[in-house]
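Each residue of the sequence shown is one higher than the one before, counting from 0 in numbering that gives the first Met the number 0.
A short worksheet on the structure shown next.
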Amino acid sequence: MVIDERECRREEMAAIARQIMIAGRTAPKGKGIDIIEIVTVTGETIAELAGAVRDASAATGMKFFLRDAENIRQADAVILVGSRSSVMSLNCGYCGYPTCVAKNEHPDVPCAINMTDLGIAIGSMTAKAADLRVDSRVMFSVGFAARRIGLLTDCHAVYAIPLSASSKNPFFDRPSTR
């Protein structure tokens with residue numbers, strides 16, 4: 000039997016994305032409370048997401064969204080990772096309010112510990128991608144657009160990690176939008 004890498008790449012990238020999602024799930028969480036949500040999109044859903052990123056560019060005036068929309072079309076998979084809002088009752092003040100009770104009067108302001116947990120999960124996931132030798136990049140724009148089209152809507156912040164296994168990293172040496 001001869002197995003051509005080009006023929007099995009899509010299947011392998013789905014398996015790799017699952018491993019990366021596990022890295023996000025097992026990342027340390029503040030107070031041990033898991034508020035992270037993770038999904039992977041592939042195929043036509045990537046095209047739909049790219050269209051949403053393009054639409055978000057028009058709505059926000061952010062030109063780099065256009066570049067990112069085209070960029071994710073080159074991805075084999077796009078992982079979306081977000082954080083649900085849950086006050087950790089530490090009264091740390093990192094959110095800008097002196098106590099969690101004061102912060103709760105402003106439910107649209109995320110708990111800083113939730114955002115820290117999200118950052119740690121993203122770091123674990125991108126490290127796993129590097130361990131598995133697939134190209135990746137963290138993208139705010141794609142996560143922003145994902146929420147707008149109803150993906151991970153329970154999350155107050157969403158980021159995307161597009162993945163690629165190609166001879167040239169499509170997420171590096173990208174054209175500037177400035």
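All residues carry an ideal CB built from backbone N, CA and C; glycine is no exception.
What you are looking at is a predicted structure, and each value in this text was computed from that prediction instead of being measured.
Candidates the options: closest to residue i by CA position
i, options, result
"Phe139", "Cys7, Gly23, Leu65", "Leu65"
"Pro27", "Ser123, Pro97, Leu79, Ala46", "Ser123"
"Thr125", "Glu6, Gly81, Cys154, Ile19", "Ile19"
"Ala156", "Ala120, Gly50, Asp54", "Ala120"
"Gly31", "Thr98, Gly142, Ser85, Lys167", "Ser85"
"Thr44", "Pro169, Ile148, Arg173", "Ile148"
"Asp75", "Cys7, Ile112, Asp107", "Cys7"
"Ile78", "Asp134, Thr115, Arg5", "Asp134"
"Asp54", "Arg136, Ile160, Ala144, Lys127", "Ala144"
"Phe190", "Asn70, Gly50, Asn113", "Past the boundaries of the shown model lies residue 190; the chain is included only from 0 to 177, so the question cannot be answered."
"Ile21", "Val80, Arg173, Leu150", "Val80"
"Arg177", "Thr25, Lys62, Ala14", "Lys62"
"Ser88", "Ser82, Asp107, Asn113, Gln73", "Asn113"
"Gly29", "Ile37, Arg136, Pro106, Cys110", "Cys110"
"Ala14", "Ala101, Gly50, Ala128", "Ala128"
"Arg9", "Gly42, Gly95, Lys167", "Gly42"
Per DSSP, the bridge partner or partners of residue i
i, result
"Ala156", "Ser82"
"Pro161", "Val77"
Burial state of residue i (16 or more Cβ within 10 Å)
i, result
"Ala57", "exposed"
"Ser165", "exposed"
"Met0", "exposed"
"Thr152", "exposed"
"Asn103", "exposed"
"Arg132", "exposed"
"Pro174", "exposed"
"Pro97", "exposed"
"Ile2", "exposed"
"Ala68", "buried"
"Arg146", "buried"
"Pro161", "buried"
"Val100", "exposed"
Complete alpha helix (DSSP H) runs within the region 20-77 (minimum length 4 residues, chain order): Entirely contained in the region 20-77, the alpha helix (DSSP H) runs reaching 4 residues are, in chain order, 42-59, 63-71.
Could you tell me which whole beta strand (DSSP E) segments of length 3 or greater appear in the region 76-145? 76-83
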